[in-house]
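Here's the structure we're looking at; comments come further down.
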Amino acid sequence: MDFHLRELVTSVGGINHCVTEFVRVNQQLYPAKVFHRYCPELANQGKTLAGTPVHVQLLGSDPVCMAENAAKAASLGAPAIDLNFGCPAKTVNKSQGGAVLLQYPEVLHQVATAVRKAVPAHVPVSAKMRLGFKDKSLALDNAQALESAGIQWLTVHARTKTEGYKPPAHWEWIEKIRASVQIPVLANGEIWTTDNAIRCEAVAGTNLLMIGRGLVATPDLALRIRRQYGQLEHTDFQFRDYMILFKRLAERLDYLTDKQLTDRLKQWLHYFAMHSPEMAEVFRSVRTFRERPAFFTALDNALTAADQGATDQTGSIVSDHHRS
Ligand SMILES: Cc1cc2nc3c(=O)[nH]c(=O)nc-3n(C[C@H](O)[C@H](O)[C@H](O)COP(=O)(O)O)c2cc1C
226 MDFHLRELVT SVGGINHCVT EFVRVNQQLY PAKVFHRYCP ELANQGKTLA
276 GTPVHVQLLG SDPVCMAENA AKAASLGAPA IDLNFGCPAK TVNKSQGGAV
326 LLQYPEVLHQ VATAVRKAVP AHVPVSAKMR LGFKDKSLAL DNAQALESAG
376 IQWLTVHART KTEGYKPPAH WEWIEKIRAS VQIPVLANGE IWTTDNAIRC
426 EAVAGTNLLM IGRGLVATPD LALRIRRQYG QLEHTDFQFR DYMILFKRLA
476 ERLDYLTDKQ LTDRLKQWLH YFAMHSPEMA EVFRSVRTFR ERPAFFTALD
526 NALTAADQGA TDQTGSIVSD HHRS
């Protein structure tokens, strides 16, 4: 997630920590301003305004360069360093970073060892991996190579690079990996609902969950999951709550051009629309607009119509379908 989404979703709550977008490390030691660009929270002791720590994510294959940049991020106040061994993007793999390295457990080990040695002991180093590049044959080797490098925990996106983002996520492999290492293993992939979280916990054998797109689609998903576990009271977000968050994002992005802003907002609306018929309606009403005034007028109209509907009908904007 970028800075703006991190601010918004951590203001909703329920999250222990979040991670920056990856800083691609390629033969140079970046100046402080680069780390501050990826992680403006460094100016706030590495935390969002809500107080949630933000870990700095690095991607690369050169142990020396990765170590130098990790040490720099730590010296700037990064609460933890996360190493990316899961990114499937072609350009990334060509420059030897991300999931391509899952074919070479010894390289994972070298990178993680160098980073662990370079970063002060009080700053955790973690890694995130997929189950493999083309197949899962090295999944346990890769996890053990990272553990023996001294990392503090491992997040596993339960798919290979070749499997991309195609459901299902193979949570049963997280259980296998968990059984083969001592460090905590965080389960990731296809957790969109509280039911998914419960099922993932049962299959993967851990309640340490990393949520990606599910939190973008449902910003209160972490709270919902915690309520399910009996960890706190929480009333699910209603349509108006989503709209308030949405408007806050629009305000934060006031420096973008009209086209950039409306594209970005439509992207988020699209995620909201996946589980909310009301938001799907809002998405339909704004999808053709590329300029701020028309876009925001359509948003206001949708909100007024929804409020009107709520007053006219059940007193709640959320339909029975959504509630169920
Ligand atoms: C737009 C986008 C950006 C992502 N960026 C990263 C990244 O920088 N580092 C990383 O390890 N994974 C990244 N991922 C993968 C997610 O962290 C996660 O592993 C994947 O989406 C599966 O989890 P989910 O089903 O909860 O989304 C990204 C995914 C998406 C959709």
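In terms of the working numbering, the sequence shown opens at residue 226 and continues consecutively. Note that beta-carbon positions come from the ideal geometry of N, C-alpha and C, so glycine has one too.
Original post:
Under a three-way DSSP split, which group does Ile376 fall into?
Top reply: Taking the first residue of the sequence shown as position 1, residue 376 is located at position 151. Ile376: coil per DSSP, three-state reduction.
Original post:
Can you name, in chain order, every residue of its own chain whose Cβ lies under 6 Å from the Cβ of Phe228, other than the five neighbours on each side?
Top reply: Translated into positions along the sequence shown, residue 228 becomes position 3. For Phe228, where only same-chain residues beyond five positions count, the Cβ hits under 6 Å are Pro265.
Original post:
Any heavy atom of ligand 1 within a distance shorter than 8 Å of the CB on Ala394?
Top reply: Position 169 of the sequence shown holds residue 394. Ala394: yes, Cβ under 8 Å from ligand 1.
**OP:** Identify which residue in Ala339, Glu372, Val348 has its Cα closest to the Cα of Met354.
**Re:** The sequence position of residue 354 within the sequence shown is 129, counting from 1. Of the listed residues, the one whose Cα sits closest to Met354 is Glu372.
Subject >> Supposed close pair Pro345, Ala299 - CB separation, criterion 8 Å >> reply: Within the sequence shown, the letter at position 120 stands for residue 345. Within the sequence shown, the letter at position 74 stands for residue 299. Confirmed, about 6 Å.
Original post:
What three-state label does DSSP hand Ile399 in the structure shown?
Top reply: Indexing the sequence shown from 1 puts residue 399 at position 174. Three-state result, Ile399: helix.
Original post:
Using a threshold of 8 Å, is the CB atom of Val244 nearer than that to any non-hydrogen atom of ligand 1?
Top reply: Here residue 244 refers to the residue found at position 19 of the sequence shown. Checking every heavy atom of ligand 1 against the Cβ of Val244, one is found closer than 8 Å.
Subject >> Three CB pairs or more closer than 8 Å across the region 273-288 and the region 238-255 >> reply: yes
Subject >> Near ligand 1: His382 beta-carbon under 8 Å from a heavy atom >> reply: Residue numbering aside, residue 382 sits at position 157 when the sequence shown is read from its first letter. For ligand 1, at least one heavy atom lies less than 8 Å from the Cβ of His382.
Subject >> Any non-hydrogen atom of ligand 2 within 8 Å of Arg489 CB >> reply: Ligands displayed in this structure: ligand 1; ligand 2 is not among them.
Original post:
Is Met499 near ligand 1, judged by its Cβ being under 8 Å from some heavy atom?
Top reply: Reading the sequence shown from its first residue, position 274 is the one you call residue 499. No, the beta carbon of Met499 sits no closer than 8 Å to any heavy atom of ligand 1.
Original post:
When every heavy atom of ligand 1 is checked, does at least one fall within less than 8 Å of the C-beta of Arg264?
Top reply: Within the sequence shown, residue 264 is the residue found at index 39, counting from 1. Note that residue 264 corresponds to Cys in the displayed sequence, not to Arg. No.
**OP:** Give the secondary structure of Arg424 by DSSP, where H, G and I count as helix, E and B as strand, and everything else as coil.
**Re:** Position 199 of the sequence shown, counted from the first residue, corresponds to residue 424. Correct three-state label for Arg424: helix.
Original post:
Under a Cβ-count criterion, where at least 16 other Cβ atoms within 10 Å of its own Cβ denotes burial, should Val234 be classed as buried or exposed?
Top reply: In the sequence shown, counting from the first residue as 1, residue 234 sits at position 9. Buried: at least 16 other Cβ atoms inside 10 Å.
**OP:** Flag Arg449 as yes when its Cβ comes closer than 8 Å to any non-hydrogen atom of ligand 1, and as no otherwise.
**Re:** As a working mapping, residue 449 is identified with position 224 in the sequence shown. Flag unset: Cβ of Arg449 not near ligand 1.
**OP:** Could you say if the region 410-420 and the region 383-390 meet the contact criterion of at least three C-beta pairs nearer than 8 Å?
**Re:** yes
Original post:
Is Pro256 helix, strand or coil by DSSP?
Top reply: In the sequence shown, counting from the first residue as 1, residue 256 sits at position 31. Residue state, collapsed to three classes: coil.
Original post:
Regarding Phe358 and ligand 1, is the C-beta to nearest heavy atom distance less than 8 Å?
Top reply: Locating residue 358 in the sequence shown gives position 133, counting from the first residue. No, Cβ of Phe358 sits at least 8 Å from all heavy atoms of ligand 1.
Subject >> CB contact flag (Asn203, Leu283, <9 Å) >> reply: Given that the chain is displayed from residue 226 to residue 549, the structure contains no residue 203 and the question cannot be resolved.
**OP:** Would you give the residue range spanned by the beta strand (DSSP E) that Thr245 belongs to?
**Re:** The residue labelled residue 245 in the question sits at position 20 within the sequence shown. Element bounds for Thr245: 243-249.
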